[in-house]
Amino acid sequence: MIVPKPLRHEPRPGRLLLDDRTALTADPAFREVAAWLREQLAPVTGGELLPAPPGPGTITLARAELAPEAYRLTVGDDGALIEAGDAAGAFYGAQTFRQLLPAAAFRRAAAGGPLAVPGAYVEDAPRFGWRGCILDVARHFLTKHEVLRFIDLMALHKLNILHLHLTDDQGWRLEIRRYPRLTEVGAWRRESQMGWNGAMDGIPHGGYYTQDDIREIVAYAARRHITVVPEIDIPGHSQAAIAAYPELGNLDTPLEVRTTWGVGENVLNVEESTIEFFQHVFDEVLELFPGEYVCVGGDECRKDQWKASPAAQRRIRELGLRDEEELQSWFIHRFDAYLGERGRRLVGWDEILEGGLAPGAVVASWRGDLGAVTAARSGHDVVNCSNTSVYLDYRQAPGDDEPVPFGTVLTLEDVYAFDPVPAELRGDPAAGHVLGAQCGVWTELIDSSRRVDYMVFPRLAAFAETVWSAPERDLPGFRDRLAAHLPRLDAIGVEYRRADGPLPWQQRPGVPGRPEDPESWRIKIDNWTSNLRRQ
């Protein structure tokens, strides 16, 4: 009962008994994977899984001519063999091997005698190369320990991109040594709104990651074959930065870090000094995050202040631009060029399509499917993040007992039905520009790691299958495999949502949400994307 579903899984005769005599040997290229597997299995075997030549009862990690991330796994009386062409494939094979064990194997200490692994043969490879999750730590901060735990849960489900949303109106979470006030001022707010448009709680909230914290997070993720993609949101969603450095804004009056939710009107100005400021910020970001992709946001940038700003209007005239939308496009182009010169690729939300797309940009399409279709047909790579299918902060069922209900209802079955390739692109060569997909964990109304557990699981297991497994859906089969998977989550300590609803302590009576019905929500998305439809 493997999640996500592999390409091929067959039972085979025999079994492997794991005990204190079990050995583990690995090709030198898979040394780190072997160390990780020893770390996971030693507490439940009672042994150290010492290296030994391949033989009866040995777990072997071997190299084979296989595609990147692919693996083969064979288990029988004579041992377990994981074959892969690269370390990522070996790691995913090791994850699958763990799932063949009883759920007790996911506990931190042995809870019984030796564990038996049934005979099996598995062949597997992912459908998409981008299998991600957006974790918003700007609205509600998660500690380094909580982020590392989330990385382990992503790895269990064979996800490989952690999109870390580090800055927003409500908080700046990354130490930038050149500009210390970004965290001295921007990393905390004096209080937070309870629910959506609810009362203020009167409790200061904050936190940030030091650069050493980030190096640790990035290295920890890399050992689990997860790339961390940072997001520094510009030119909108920037009130925390403006509160720290008022010269970045459009007003003469001081601002505080935003304490309420929604889309704020305070955005960056378009002066050359502001562009230079954020280039210096990204200089430090690039040192911390070695991956190819860097997200600059570009979403929900309200243009009111630019329309009222003599400096912004002068900039439009000087540059020969048509309007404020083209001004935002010009702003994003500056950072696309900056990142391209340094061998990186810009990722931006689908609003960057408005006013003209930066040449090398990757579009994170969140407002339904239109952005993904438009960008792909224009020759741009796309990551599908559709809020109509994979925003895991949206409520999981109708009813008053759902805690702080937000957005439309996205059930487990709705998430499982998602396909990263929009229907309009299927059979179209432009579908090759769909790199994959990522689900969203936005935390305006998710104020703790326990709440993350409740909103994310088990829907993350359904999402993982949409990006790893073949496009054909088998809902009854998935439910069977999920029934075997939930005890693993129980053993790990994940406080997921039960099928029959929230447990008493998972409810939040009296805290207002913002529920939407599907039809009005789709009308709203159509209005949001009207500019794209005119292109």
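Under our numbering, the first residue of the sequence shown carries the number 357, and numbering increases by one thereafter.
Cβ coordinates follow ideal geometry from the N, Cα and C atoms, glycine included.
Item	Value
So within the segment 822-876, which uninterrupted alpha helix (DSSP H) runs reach at least 4 residues, ignoring any that extend past its ends?	831-848
Grab the span of the alpha helix (DSSP H) containing E395 for me, first residue to last.	387-401
In three-state terms, what does DSSP make of G909?	Missing from the structure shown is residue 909; the chain here goes from 357 to 891 and no further.
Restricting to Cα atoms, I'd like to know which of G711, A436, H736 is closest to V719.	H736
In or out: N516 buried (at least 16 other Cβ within 10 Å) or exposed?	buried
With a cut-off of 8 angstroms, do at least 3 Cβ pairs link the segment 634-647 to the segment 539-551?	no
Would you tell me roughly how many angstroms separate the C-alpha atoms of L456 and A840, rounded to the nearest one?	10 angstroms
My output table needs one value for E439: the three-state DSSP class, helix, strand or coil.	strand
In this structure, does DSSP put G620 in helix, strand or coil?	coil
Short check: CB of A932 to CB of Y535, under 9 angstroms?	This structure does not reach residue 932, given that the chain is present from 357 up to 891, and the question cannot be answered.
Suppose you measure from the CA of H519 to the CA of I688; what does that come to, to the nearest Å?	19 angstroms
Hey, V585 and C651 are a contact pair by Cβ (cut 8 angstroms); roughly how many whole angstroms apart?	6 angstroms
Quick check on the DSSP output: what are the complete alpha helix (DSSP H) runs of length 4 or more inside the segment 503-562, in order along the chain?	537-540
From P474, W705, V746, D725, pick the residue whose C-alpha is nearest to that of E821; which is it?	V746
Kindly give me the distance between the Cβ atoms of G869 and L801, rounded to whole angstroms, as I take these residues to be in contact under 8 angstroms.	7 angstroms
Sorted by chain position, which residues of the same chain lie with C-beta nearer than 6 angstroms to R844's C-beta, five sequence neighbours on each side aside?	A459, F462
Note down, in chain order, each residue of its chain lying with its Cβ closer than 7 angstroms to the Cβ of W705, except the 5 sequence neighbours on either side.	G653, G654, D655, A720, W722
With a Cβ-Cβ cutoff of 9 angstroms, do W528 and Y477 count as a contact?	no
Please report how far the alpha carbon of D433 lies from the alpha carbon of M811, in whole angstroms.	41 angstroms
In chain order, which continuous runs of the alpha helix (DSSP H) of length 4 or greater are located wholly inside the segment 702-740?	726-733
What are the boundary residues of the alpha helix (DSSP H) that Q794 is part of?	No alpha helix (DSSP H) holds Q794; the beta strand (DSSP E) holding it covers 790-797.
With a threshold of 8 angstroms on Cβ separation, who are the neighbours of A577 within its own chain once the five nearest residues in sequence on each side are excluded?	I507, L518, T583, V584
Am I right that A382 and L429 are in contact with their C-beta atoms under 8 angstroms? What's the rounded C-beta distance?	Not quite, the Cβ-Cβ distance comes to about 14 angstroms (not below 8 angstroms), so this is no contact.
Using a C-beta cutoff of 9 angstroms, does C657 count as contacting chain B?	Structure shown: chain B not included; a single protein chain is present.
For N740 versus Q794, is the C-beta spacing smaller than 9 angstroms?	yes
Alpha carbon to alpha carbon, what distance is there between G792 and V623?	30 angstroms
From the DSSP secondary-structure annotation, give me the bridge partner or partners of P649.	It is Tyr, not Pro, that sits at residue 649 in the sequence shown. Its beta-bridge partners are R701.
Sorted by chain position, which residues of the same chain lie with C-beta nearer than 8 angstroms to F453's C-beta, five sequence neighbours on each side aside?	L393, I415, L429, V431, A436, I438, V473
Closer than 8 angstroms is the cut-off here; do at least three beta carbon pairs connect the segment 867-886 with the segment 763-776?	yes
Which term fits L831, buried or exposed, when burial requires 16 or more other beta carbons within 10 angstroms of its beta carbon?	exposed
Under DSSP, the alpha helix (DSSP H) around V637 begins and ends at which residues?	628-644
Along the chain, where does the beta strand (DSSP E) that runs through R368 open and close?	364-374
Around the Cβ of L675, are there at least 16 other Cβ atoms within 10 angstroms (buried) or fewer (exposed)?	exposed
Which first and last residues belong to the beta strand (DSSP E) in which A382 is found?	379-382
Can you tell which of E628, R580, G647 has its C-alpha closest to the C-alpha of A391?	R580
Between which two residues does the alpha helix (DSSP H) holding D770 run?	768-772
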